[in-house]
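S.K.: Quick one: the structure is below, and I'll ask about it shortly.
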Amino acid sequence: MNLALLFREHLAQRMKDGEAAMARTGFETLVISSGLQFEYFADDREASFYGTPHFLHWCPLEGPQHLLKIQPGKKPILIRFAPEDFWYLQSPLGSPFWADSFDLVECGTVDEVWAALGACPKGAYIGDEPDRAEAAGLSANPEGITKHLDWTRSFKSDYELACMDDAQQMGARGHRAAKQAFLGGASELEIHWAYVQAVGCLDEDLPYTSIVALNEMGAILHYHGKRKDLRNGATLLLDAGARCNAYASDITRTFAADRCDPRFADLIASMEKAQAALCAMVKPGLHYGEFHHQAHFKIADILLEHGLLKNTDRDEAVASGYTKPFFPHGLGHHLGIQVHDVAGKQLGPDGTPAPQPPEHPFLRTTRMIEAGNVFTVEPGLYFIPMLLRPFRGGDKVEHSSKFNWALIDALTPFGGIRIEDNLFVTQDGHRNLTRKHLPE
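Under numbering that gives the first Met the number 0, the first residue of the sequence shown is numbered 0, with each subsequent residue one higher.
Here you go:
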């Protein structure tokens, strides 16, 4: 694989997209910042730095306060902030695979970086220094430009897929190591350590805070604790990814140890089959709202098969909302430089909002699935007392007889189940980016 060639093709498409965005919005220059380093309030400690996603879409250079200058018909200019510093390590640029694609200018101060921009006729700016941009005569973060570029980011190039494939491979290594640590009786903290060691990164290099949830914590959707005293868990829900050249993987698996109630282990097996069936549905022309709705039918089937719901059928279970307390989140989201990537709720490059399905008002993706998209497929089934409470004795108690409360209580200590893969949509179907590296 020639990553330099793939990047040149990727950047050529970025130039076409940028020129189209400028043409339809009346701009002639586009300036994109890599982002501003900031400190915590009332402290001199710097927060972990993450580059501006639009900058990283054009150039994988890490670090704050670089600028890109893009004008139609010209080679893009990369103005690199390269201070001389003895407080922090300043690594030389070297010869990265992407460097020849830009005219490079290096500056030792931020003021010099901005001065190096030169004339920017009818200029637009994307970044987090709007005051400095406006002082330079640039229009800061105009919605027409940002929405157009958001839309283009939802169609992945071969370069982006190569980076995401490497991120999948890294994440798969971590998941295998974490599973072995779990089966060996490790704590949540030790499982997390096993994960990052196998990936070969620091916590701050991960694309998101890992979810390492033993037992009941698997029912907290964004559980970020890392308990160090609890060992020999019965279940593990592990949601963790990796990054390569700024592109993320986002993978979830749920495991049961031999000490787990076999009824919960059977639920995991059923969820594996349901997730595979949902993945098999993915192709261009499927609306994501309908895709999510079909997931509720899959959850209803599992709940009925395992006796968690009774005296009902799958249609009533979905129509009456019996599946929602067990599956309270969206089926997935776009994935790329950002884990919850942009343009999931756009109808097109002009930013027109895609309508939110009224029966599912919380989805991150509400548009038609199209070739070139990458998104997650992550159905879940959880035992969350606060969401079940209205059916048990609250304002929905008239439906209480539909739930097998004795079985629900028996399985609640095991938390929840989520299985998540990352899919690339092809012209006639899809390619599962995750199962290539993590088939189990």
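Virtual Cβ for every residue (Gly too), placed ideally from N, Cα, C.
Answer yes or no: do F54 and Q64 have a C-beta to C-beta separation smaller than 8 Å?
M.R.: Their beta carbons are not under 8 Å apart, which means F54 does not touch Q64 by this criterion.
S.K.: Just confirm the distance between the C-beta atoms of H191 and K225, as a whole number of angstroms; I'd bet it's less than 8 Å.
M.R.: Indeed they touch by this definition, with Cβ atoms about 5 Å apart.
S.K.: What are the uninterrupted segments assigned as alpha helix (DSSP H) that are 4 or more residues long and contained completely in the segment 147-217, given in chain order?
M.R.: Those alpha helix (DSSP H) runs which fall completely within the segment 147-217 and span 4+ residues are 157-182, 187-198.
S.K.: Should the segment 277-284 be regarded as contacting the segment 367-384, the criterion being three or more beta carbon pairs within less than 8 Å?
M.R.: With a cut-off of 8 Å, the segment 367-384 and the segment 277-284 count as touching, because enough Cβ pairs lie within range.
S.K.: Which first and last residues belong to the beta strand (DSSP E) in which K15 is found?
M.R.: K15 -> not in any beta strand (DSSP E); alpha helix (DSSP H) instead, spanning 2-24.
S.K.: Measure the alpha-carbon distance for I10 versus A180 and round it to whole angstroms.
M.R.: The residue asked about is misnamed: residue 10 is Leu in this sequence, not Ile. Between L10 and A180, the C-alpha separation is close to 41 Å.
S.K.: Counting pairs of beta carbons, one from the segment 29-41 and one from the segment 119-129, are three or more of them closer than 8 Å?
M.R.: Touching, yes, given that three or more Cβ pairs across the two stretches are closer than 8 Å.
S.K.: Does the segment 157-175 touch the segment 250-263, meaning 3 or more C-beta pairs lie closer than 8 Å?
M.R.: Touching, per the Cβ criterion.
S.K.: Applying the criterion that 16 or more other CB atoms from any shown protein chain within 10 Å of the CB defines a buried residue, is M169 buried or exposed?
M.R.: Burial call: buried.
S.K.: Starting from the Cα of L437, find the closest Cα among D427, H429, N421 and give me that residue.
M.R.: Among D427, H429, N421, the Cα nearest to that of L437 belongs to N421.
S.K.: Could you tell me which of H292, A276, L116 sits nearest to N431, measuring between CA atoms?
M.R.: Ranking H292, A276, L116 by Cα distance to N431 puts A276 first.
S.K.: Would you kindly report the start and end of the unbroken beta strand (DSSP E) that includes H429?
M.R.: That run of the beta strand (DSSP E) goes 429-431.
S.K.: Identify every run of the alpha helix (DSSP H) within the segment 268-330, keeping only runs that are complete inside it and at least 4 residues long; order them along the chain.
M.R.: DSSP runs (the alpha helix (DSSP H)) wholly in the segment 268-330: 287-304, 313-318.
S.K.: Buried or exposed, going by whether 16 or more other CB atoms sit within 10 Å of the CB of A239?
M.R.: By the neighbour-count rule (16 or more Cβ atoms within 10 Å), A239 is buried.
S.K.: Where does R262 fall in DSSP's three states?
M.R.: Reduced to three states, the DSSP call for R262 is helix.
S.K.: Given 8 Å as the limit, is there contact between the segment 404-417 and the segment 352-371, that is, 3 or more CB pairs closer than that?
M.R.: No, the segment 404-417 is not in contact with the segment 352-371.
S.K.: Closest to G62 by CA distance: which of I69, T51, P71 is it?
M.R.: Ranking I69, T51, P71 by Cα distance to G62 puts T51 first.
S.K.: Counting only the same chain and skipping the five closest in sequence on each side, list residues whose C-beta sits under 7 Å from that of G306.
M.R.: Excluding positions up to five away in sequence, the list reads N403, L406.
S.K.: Suppose only complete runs of 4+ residues qualify. What are the alpha helix (DSSP H) ranges in the segment 320-403, listed by chain order?
M.R.: Runs found: 384-392.
S.K.: From D228 to Q345, what does the alpha carbon distance come to, in whole angstroms?
M.R.: Using only the alpha carbons, I get a separation of about 45 Å.
S.K.: From the DSSP output, read off the bridge partner residues of N421.
M.R.: DSSP lists T375 as partners of N421.
S.K.: Output the distance between the C-alpha atoms of A20 and H56, rounded to the nearest integer angstrom.
M.R.: Straight-line Cα distance between these residues: approximately 15 Å.
S.K.: Counting only the same chain and skipping the five closest in sequence on each side, list residues whose C-beta sits under 7 Å from that of Q12.
M.R.: Result list for Q12: S156, in chain order.
S.K.: Counting beta carbon pairs with one atom in the segment 65-76 and one in the segment 32-40, are three or more of them shorter than 8 Å?
M.R.: Yes, the segment 32-40 is in contact with the segment 65-76.
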